[in-house]
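Counting in this note's numbering, the sequence shown runs from 64 upward without gaps.
Structure first, commentary second.
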Amino acid sequence: MYRQAAVAGTFYPADADSVNAFISKHELDVIKEEATCVLVPHAGYIYSGATAVHTLSSINIPNLVILIGPNHTGTGPSVSVFPGGEWQTPLGYVFHDSDTIEKICKHPLFTKDASAHREEHSLEVIFPMLKYFNPDVKVVCITSKYLHIDEIKEAAQHLVACIDDALVLISSDFNHFEDVSTTELKDKAAIDKLLALDSIGLYETVSEMKISMCGVVPACIGVEYSKAKGALEPIVVEHTHSGLVNGDNNRVVGYCGLYYK
């Protein structure tokens with residue numbers, strides 16, 4: 064199955080030269096670490112692209128990446144797994160790993176579905192970066208709506224059983240469209256739970272504090288997956304917000320890049 068890029072030219076440049084120049088500009092010159100799970104933001108490159116590149120350039124990108132992001136469109140089942148094939152990017156096609164898709168979709172929580180992915184930006188914006196850092200990368204793309212915490216744990220355990228040598232990539236922005244002081248407070252509360260590897264605490268904190276963290280369910284899955292894999296050391300690469308770009312501190316979106324090793 065072929066998926067044409069939906070947000071190239073809006074969220075990120077549509078041509079290879081501009082994408083390569085952006086990533087090269089923001090790539091960190093550091094010794095790359097081995098990560099089990101990584102969390103990156105998914106806004107337009109002008110706002111959160113640097114944070115995503117800083118984070119992904121800090122780790123090795125293996126040949127298989129399992130991407131889990133929120134379902135912004137509301138289309139499709141609760142957990143949608145792209146059925147397979149290739150996705151268009153400015154840097155060339157990225158192919159899906161059919162064998163891993165088949166393993167994952169043996170569990171009833173996971174459903175093969177293309178509709179949820181057709182216009183979804185949360186995973187697409189990451190693809191050029193993955194292709195840049197590993198031209199041979201293959202992927203599995205998963206979007207999630209609301210899940211109960213027990214379902215989150217079940218989903219994570221199933222992924223552990225299905226995945227050997229792969230990176231789990233969580234796509235999420237943090238608090239949306241409040242003033243900078245409120246957003247920094249709410250973001251810190253969520254990040255503290257991520258650093259504590261406390262998925263239940265993150266789930267409850269986001270609900271109780273009304274933190275508009277779009278990828279809280281994927282993030283909780285990532286925490287549970289990391290714990291099960293023994294990746295107990297969280298590393299925060301960067302926490303920032305949109306006001307630092309556009310100067311509007313009254314209505315900001317928070318962004319964070321971190322990984323577990």
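The beta-carbon is built from N, C-alpha and C at its ideal position, and this holds for glycine as well.
Predicted model only: the values in this text are computed from it and were never measured.
Could you round the C-beta distance between F173 and V200 to whole angstroms and report it? I think they count as a contact, below 8 Å.
The sequence position of residue 173 within the sequence shown is 110, counting from 1. The sequence position of residue 200 within the sequence shown is 137, counting from 1. So it is not a contact: roughly 21 Å between Cβ atoms.
Measure the beta-carbon distance from K249 to M272 and round it to whole angstroms, keeping in mind my assumption that it falls under 8 Å.
Counted from its first residue, the sequence shown places residue 249 at position 186. Counted from its first residue, the sequence shown places residue 272 at position 209. Correct: roughly 6 Å between the Cβ atoms.
Could you tell me whether the stretch 264–282 touches the stretch 222–240, using the rule of 3 or more Cβ pairs below 8 Å?
yes
Can at least three beta-carbon pairs, one atom from the stretch 175–183 and one from the stretch 202–210, be found at a separation below 8 Å?
yes
Please state whether the Cβ-Cβ distance between K256 and T268 is less than 8 Å.
Position 193 of the sequence shown, counted from the first residue, corresponds to residue 256. Position 205 of the sequence shown, counted from the first residue, corresponds to residue 268. In contact: K256 and T268 (Cβ atoms closer than 8 Å).
Length of the line joining the Cα atoms of E214 and I263:
Position 151 of the sequence shown holds residue 214. Position 200 of the sequence shown holds residue 263. Taking the straight line joining both Cα atoms gives about 12 Å.
Report the partner residues of T174 according to the DSSP bridge assignment.
Stepping through the sequence shown from its first residue, residue 174 is reached at position 111. Bridge partners of T174: S143.
Taking 8 Å as the cut-off, does the stretch 79–94 touch the stretch 117–131 (at least 3 CB pairs, one atom from each stretch)?
Output reads yes: the stretch 79–94 touches the stretch 117–131.
Quick check: L130 and S234, are their CB atoms within less than 8 Å of each other?
What you label residue 130 is simply residue 67 of the sequence shown in a count that begins at 1. What you label residue 234 is simply residue 171 of the sequence shown in a count that begins at 1. Taking 8 Å as the Cβ cut-off, L130 and S234 qualify as a contacting pair.
Can you tell me whether Y65 is buried or exposed? The criterion is at least 16 other CB atoms within 10 Å of its CB, across all chains shown.
Taking the sequence shown and counting its residues from 1, the one referred to as residue 65 is at position 2. Exposed.
In the structure shown, what three-state DSSP assignment does C319 receive?
For the purposes of this step, residue 319 is taken as residue 256 along the sequence shown, with counting starting at 1. Note: C319 maps to strand in three-state DSSP.
Suppose contacts are defined by Cβ-Cβ distances below 8 Å. Is A84 in contact with P153 by that definition?
On the sequence shown, residue 84 is found 21 positions in, with the first residue counted as 1. On the sequence shown, residue 153 is found 90 positions in, with the first residue counted as 1. No, these two residues do not count as a Cβ contact at 8 Å.
Going by DSSP, which residues form a beta bridge with R66?
Position 3 of the sequence shown, counted from the first residue, corresponds to residue 66. DSSP, once it has assigned bridges, lists W150 as partnering R66.
What first and last residue would you give for the beta strand (DSSP E) that runs through H304?
One-based indexing of the sequence shown puts residue 304 at position 241. It spans 297–304 - the beta strand (DSSP E) in which H304 sits, taken as one unbroken run.
Residue closest to P125, alpha-carbon to alpha-carbon, out of A253, E217, Y195
Within the sequence shown, numbered from 1, the residue matching residue 125 stands at position 62. Ranking the options by Cα distance to P125, first place goes to Y195.
Based on the DSSP output, what are the partners of E96 in its beta bridges?
Within the sequence shown, numbered from 1, the residue matching residue 96 stands at position 33. According to DSSP, E96 bridges with I122.
Nearest-angstrom Cα separation, counted from Y108 out to A282
Here residue 282 refers to the residue found at position 219 of the sequence shown. Here residue 108 refers to the residue found at position 45 of the sequence shown. Near 21 Å, if we compare the C-alpha coordinates of Y108 and A282.
Length of the line joining the Cα atoms of D162 and N312:
Within the sequence shown, the letter at position 99 stands for residue 162. Within the sequence shown, the letter at position 249 stands for residue 312. In a straight line, the C-alpha of D162 is about 46 Å away from that of N312.
Could you give the distance in angstroms between the alpha-carbon of T245 and the alpha-carbon of H184?
Numbered from its first residue, the sequence shown carries residue 245 at position 182. Numbered from its first residue, the sequence shown carries residue 184 at position 121. If you draw a straight line from the Cα of T245 to the Cα of H184, it comes to about 26 Å.
In this structure, does DSSP put S262 in helix, strand or coil?
By one-based count along the sequence shown, residue 262 stands at place 199. Reduced to three states, the DSSP call for S262 is helix.
What's the call for A253, buried or exposed, on a 16-neighbour Cβ count within 10 Å?
Sequence index remark: in the sequence shown, residue 253 carries index 190 (1-based). Counting of Cβ neighbours within 10 angstroms places A253 among the buried residues, the total reaching 16 or more.
Taking Cβ positions, are H211 and H170 nearer each other than 8 Å?
In the sequence shown, residue 211 corresponds to position 148, counting from 1. In the sequence shown, residue 170 corresponds to position 107, counting from 1. Taking 8 Å as the Cβ cut-off, H211 and H170 do not qualify as a contacting pair.
Consider the Cβ of T152: report whether some Cβ of chain B lies at a distance smaller than 8 Å.
In summary, chain B is missing from the structure at hand, where a single protein chain is found.
Once DSSP output is grouped into helix, strand and coil, what is the label at L210?
Translated into positions along the sequence shown, residue 210 becomes position 147. Here L210 sits in coil by DSSP.
Using the three-state DSSP reduction, which class does V200 fall into: helix, strand or coil?
One-based indexing of the sequence shown puts residue 200 at position 137. V200 falls in the coil class under three-state DSSP.
What do you get for P198, buried or exposed, if any count of 16 or more other CB atoms within 10 angstroms of its CB means buried?
The residue you call residue 198 lines up with position 135 of the sequence shown. Classification for P198: exposed.
So, is Y156 buried or exposed, given that buried needs 16 or more other C-beta atoms within 10 angstroms?
Numbered from 1 along the sequence shown, position 93 holds the residue referred to as residue 156. By the neighbour-count rule (16 or more Cβ atoms within 10 Å), Y156 is not buried but exposed.
Between which two residues does the alpha helix (DSSP H) carrying V82 extend?
By one-based count along the sequence shown, residue 82 stands at place 19. Unbroken alpha helix (DSSP H) run through V82: 79–89.
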